[in-house]
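Here the structure is laid out as structure tokens; the discussion comes afterwards.
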Amino acid sequence: MGQLILGQLLNGAILGTLYGIIALGVTLTFGITGIVNFALGAFMMLGCYMAWYFTDGLGMHYAVAVLCAVLVTSFAGLIADQTLFRFTRNNLVNGLLVSIGLISVMEGAALLIWTSTPKNMEYVLPGVFSFFGLVVPKMKAVVFLVLLGVILATYAALTRTWIGRAAYAYAQNPEAAELMGVRTKILQSGVVVYSTGLAGLGGALYASLYSIDPTLGAVYILKAVEAAILAGIGSVIGSLFGGILLGITEGVGSIYLPIAFRDAYGLIFLIAILLFKPAGLFAGRK
Amino acid sequence: MLAALALALLPLLIKSDFALTILVFSFLLGMLAVSFNLIFGYTGQLSMFHAAAFGISAYATHLSMSLLGTSFWIGLVLAALLVLFLSVIVGTICFRFRLKEFYFAVVTLAFSEMARLIILNWNSVTNGTLGIILQEKPRIWLPGQGIVKLDGTLMWYYVSLIGLALTLLVCWRLVNSWMGRSFAAIRLNDELGDTLGINVFRYKLAAFSVGNMIAAIAGGLYSFFLGSIEPGFLSIDQSLAIVAMVLLGGRGAVAAPFIGALVLTTLPHVIHLGAELRTIVYGSILIFTILVMPQGIYGSIAALTRRPPHAI
Amino acid sequence: MLFEISGLTKRFDGLTAVSDVSFSIAQGDIVGIFGPNGSGKTTLLSLIAGMLTPSTGRIVWKGKEIQGHKPHDIAAAGVVKTFQNPQLFSELTVFEHLMIAGHLMLKRRLGWRRIATLFNTDTGQAGGDLEARAREVLRLCRLEGSRDQTAGVLSYGEEKMLGVAMALMCEPQLLLLDEPASGLGQSEIDSLEIVLRDLRAHGMTLCIIDHKVGFLGKLADRAISLHHGAKIAEGTPAEVLSNEHVIAAYLGR
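Residue numbers (the numbering used here), protein chains in the order written: chain R, 1 to 286; chain H, 1001 to 1312; chain Z, 2001 to 2253.
Take a look at the structure:
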């Protein structure tokens, strides 16, 4: 029993970093452009298919394929930003609905190109680590570490570099930041594109672990939004913890309660947090 | 008025069962869109609970008939009362805690997802993913014929038309009353409304509850016309389809969302597309409407026909 | 006393915006509250109107404690506040603003019978009263000319006047005005003064805050001066303005 719980804890944490990387995009986009980009789930799906196509289709090395997948997703993000999101800055409802329209377009296109039959990538890194009777597939450990590294690096960049400080200044007080010379438009587009890149990375890594289909983004964006709100929108490091907390709760919860209800935990969390601690668990620790 | 008369006489011209069926669906979804606009367009609250009200009522109407042995109409009333009860609970939680905009949307979405998960997994009662086939037909009283089964497209055409007409009447009365003025105050500046003595909580709850109850009635009728219920009635996609109807039709007039419902219901049957292309077209319409035509079809036509305000 | 506050204090994380303020207002008075910017005047009005909850202290209106009540309850009880920066319903006309602000009138006239008016087309006598009152308020506030203009095209002075007009539609017994004269030209200030004197002549009690001494000095029966959230002087405007603490506060010493 102890091992089962420990195993689920680990699994939950790994899944949680996936929620976390998308949640990070949600948080950043919201902080800088004032909209919630629900299409990040669709960008994650795009990242999945790109990684699959570049490795299994074109025979690239997986690491190169991941890099290319991130580039393609970011480029798609740039196009979406310039043609759509540019017009919905700070308009929450319109931004929400445009991003939802974009999901339909991207999912429909993916269904046309790749059909609804799930795809499975060849094993990238077979084998497992085992310690104390626990078994963790090597690939899962790699995915976990890469995502963790990227989130922490983003956090470091935001707190320690000039760009990060500009972004923070803007999120706190847009007008003052603009007067101080922050190039608003570039900053906003940059954040939208970076967020789609993060989603693409999450997707590209996801593809090495699970089978992929065109609708997988919907689940992940919901979980990511839950994680972001759980942490308190605007908290970078919180999105990681929010994601992991959600992943672990789902993992451990499914041991004791019917698995059918695992999607409900996040919802209950979400309602409780918004009612009783609306600034989120990590409020004030920006 | 003229439009209503035209719709009432339309079946004399159109004999195609297929076309009438599409119109029945448009009327029922029109009820849903028009009632949603009461919450979204007039009171300014982006609710994601509307599809849940629609779906819960569809299940509740059926369960009331099969478990309690009531007639369809009693079942429909009970279902609407159940939805009223749920709306008051969900609305009280959201509005007491002053959830606005995105947070209101997310929490109502969470509640409807929970309702969907319960329905999806309560197999013994709801038959889970498979849904339920409804074979019974509601009975109505017709002058000269007594009580008859509500069967055949023509009868459904008039029942759903009356449903839509009543919905329009109720919403029109509300938004043009003192209560509608309170809705507008909440949408435009709720802080100011509060200092002017408007109980923001009460009128938000009123709009939410009335809107959801109309959706409940539409849900009961829709499921029995369709002949089946499934958990997809409560899905996020269904909620978004309602939002799309309202945006496409327009928010600025009581009847405008019906235009959106009509277009989005008819379109797939007029232009034959695969499911994938249909999704793409649907998403593109949503984006196009928001970015290029934010006033919707109604608003754009109104802007064209209205003389410019300062023209001599 | 019509209205009385005692020991009213409001703290925001470490900052005390209003500190142990007590005073009372008699029926029919015009009370002016002076103080430089940041002296806690606006916070004080927000506490009275229910937009903020006091940390400690009591606010008594007609013998009942109202501190911490909701703004709409306080407005319904007869205490109505205007905003320093006019708050409006952007896309509506002036007349529509007044109809919305007539909410309390209908509520007082009809009570729960308002629900019945949703089903028949006629609001009867009360509906007629409401429109008559709106016309009266338009005339009083000199807004007849902009009756059907949308709020977006009004001048700043008209916007502020519309704020007062909406408050008047609530039939207040105590009207709280947050810097009504700020940002207005001299002719607009003059007509504002006439309007406010008119209101007093109709028996209304007014509490006005302003950092401009001249306007309030002429109008107020009694004056109170705030500095750093605390009351430093009270009396006739002339007494308060010659008080050495008040002069020191204004000169920033």
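C-beta atoms are modelled at their ideal positions from N, C-alpha and C, and glycine is treated no differently.
Computed from a predicted model, the values in this text were never measured in an experiment.
Beta-carbon proximity check, residue i vs residue j, cutoff 8 Å
i, j, result
"Leu-2219 of chain Z", "Glu-2193 of chain Z", "yes"
"Thr-196 of chain R", "Ser-99 of chain R", "no"
"Tyr-155 of chain R", "Ile-237 of chain R", "yes"
"Leu-240 of chain R", "Gly-20 of chain R", "yes"
"Gly-1044 of chain H", "Val-1246 of chain H", "no"
"Ala-1033 of chain H", "Phe-1258 of chain H", "yes"
"Val-2260 of chain Z", "Ser-2146 of chain Z", "With chain Z covering 2001 to 2253 only, the question about residue 2260 of chain Z has no answer from this structure."
"Ala-204 of chain R", "Gly-47 of chain R", "yes"
"Leu-1164 of chain H", "Gly-1249 of chain H", "no"
"Ile-1133 of chain H", "Ser-1228 of chain H", "yes"
"Gly-1283 of chain H", "Val-219 of chain R", "no"
"Thr-2053 of chain Z", "Ser-1177 of chain H", "no"
"Ile-1287 of chain H", "Leu-102 of chain R", "yes"
"Ile-1236 of chain H", "Asn-94 of chain R", "no"
"Ala-1080 of chain H", "Ile-1217 of chain H", "yes"
"Val-1088 of chain H", "Leu-1205 of chain H", "yes"
"Ala-2238 of chain Z", "Ser-2225 of chain Z", "no"
"Glu-1276 of chain H", "Gly-217 of chain R", "no"
Outcome for residue i when other beta-carbon atoms lying within 10 angstroms are tallied against a minimum of 16
i, result
"Phe-1208 of chain H", "buried"
"Gln-2067 of chain Z", "buried"
"Asn-1199 of chain H", "buried"
"Thr-159 of chain R", "exposed"
"Ser-2019 of chain Z", "buried"
"Pro-1309 of chain H", "At Pro-1309 of chain H, the pLDDT of 46 sits below 50, so the modelled position is not reliable and the matter cannot be decided from this model."
"Lys-2041 of chain Z", "buried"
"Trp-1073 of chain H", "exposed"
"Ala-199 of chain R", "buried"
"Phe-1111 of chain H", "buried"
"Glu-1191 of chain H", "exposed"
Through-space distance from residue j to residue i, alpha-carbon basis
i, j, result
"Val-2031 of chain Z", "Ala-1105 of chain H", "45 Å"
"Ala-2223 of chain Z", "Leu-2098 of chain Z", "31 Å"
"Leu-10 of chain R", "Thr-55 of chain R", "27 Å"
"Ala-39 of chain R", "Ile-221 of chain R", "8 Å"
"Leu-1063 of chain H", "Phe-2083 of chain Z", "53 Å"
"Pro-258 of chain R", "Gly-243 of chain R", "21 Å"
"Leu-2176 of chain Z", "Ile-2033 of chain Z", "11 Å"
"His-1036 of chain H", "Ala-65 of chain R", "With the sequence shown as reference, residue 1036 of chain H is identified as Phe, and His is not the correct amino acid for it. C-alpha separation (whole angstroms): 46 Å."
"Leu-1262 of chain H", "Leu-2174 of chain Z", "52 Å"
"Gly-2007 of chain Z", "Val-2213 of chain Z", "25 Å"
"Cys-1171 of chain H", "Gly-1131 of chain H", "32 Å"
"Gly-284 of chain R", "Ile-273 of chain R", "The predicted position of Gly-284 of chain R is uncertain, since its pLDDT is 43 and thus under 50; a value taken from the coordinates is nonetheless stated next. The straight-line gap from Cα to Cα measures roughly 15 Å."
"Gln-8 of chain R", "Gly-2014 of chain Z", "45 Å"
"Lys-119 of chain R", "Asn-1189 of chain H", "50 Å"
"Ser-1300 of chain H", "Val-1292 of chain H", "10 Å"
"Gly-2057 of chain Z", "Met-2169 of chain Z", "30 Å"
"Ile-2208 of chain Z", "Ser-2155 of chain Z", "22 Å"
"Leu-147 of chain R", "Phe-85 of chain R", "26 Å"
"Arg-2113 of chain Z", "Ala-2126 of chain Z", "11 Å"
Cβ-based neighbour list, residue i, same chain, cut-off 6 Å, excluding 5 preceding and 5 following
i, result
"Lys-2070 of chain Z", "Gly-2050"
"Ala-1137 of chain H", "Note that residue 1137 of chain H corresponds to Lys in the displayed sequence, not to Ala. If we look at Lys-1137 of chain H and ignore the five residues flanking it on each side, its Cβ neighbours are Lys-1149, Leu-1150, Asp-1151."
"Gly-1144 of chain H", "none"
"Leu-1174 of chain H", "Gly-1180"
"Ala-2230 of chain Z", "Ser-2019"
Contacts around residue i, its chain only, beta-carbon distance under 7 Å, and the 5 residues preceding and following it disregarded
i, result
"Ile-1312 of chain H", "Interpretation of Ile-1312 of chain H is limited by its pLDDT of 37, a score under 50 that renders its predicted location unreliable; the figure taken from the coordinates is listed afterwards. Nothing meets the Cβ criterion."
"Val-124 of chain R", "Tyr-62, Met-139, Ser-208"
"Phe-1025 of chain H", "Thr-1265"
"Gln-2027 of chain Z", "Leu-2002, Thr-2205"
"Thr-59 of chain R", "Before going further, note that residue 59 of chain R is Gly rather than Thr in the sequence given. For Gly-59 of chain R, where only same-chain residues beyond five positions count, there are no Cβ hits under 7 Å."
"Tyr-49 of chain R", "Ala-110, Trp-114, Ile-212"
"Tyr-168 of chain R", "Leu-158"
Heavy atom of the ligand PLP within 7 Å of residue i beta-carbon
i, result
"Arg-1098 of chain H", "Looking for the ligand PLP in the displayed structure turns up nothing, as the structure carries no ligands at all."
Which runs of the alpha helix (DSSP H), 4 residues or longer, sit entirely within the segment 2061–2127 of chain Z? 2071–2077, 2094–2101, 2103–2110, 2113–2117
Every unbroken alpha helix (DSSP H) within the segment 1010–1092 of chain H, with a cutoff of 4 residues, ordered by chain: 1017–1037, 1050–1068
Hey, which unbroken runs of the beta strand (DSSP E) at 3 residues or more fall wholly within the segment 1122–1172 of chain H? 1139–1142, 1146–1149
Go through the segment 2140–2219 of chain Z residue by residue and report every complete run of the alpha helix (DSSP H) that reaches 4 residues or more, in order. Under the rule that a run must span 4 or more residues, the alpha helix (DSSP H) segments found entirely inside the segment 2140–2219 of chain Z read 2156–2169, 2186–2201, 2213–2219.
Uninterrupted alpha helix (DSSP H) stretches inside the segment 140–208 of chain R (no shorter than 4 residues): 162–172, 174–179, 184–206
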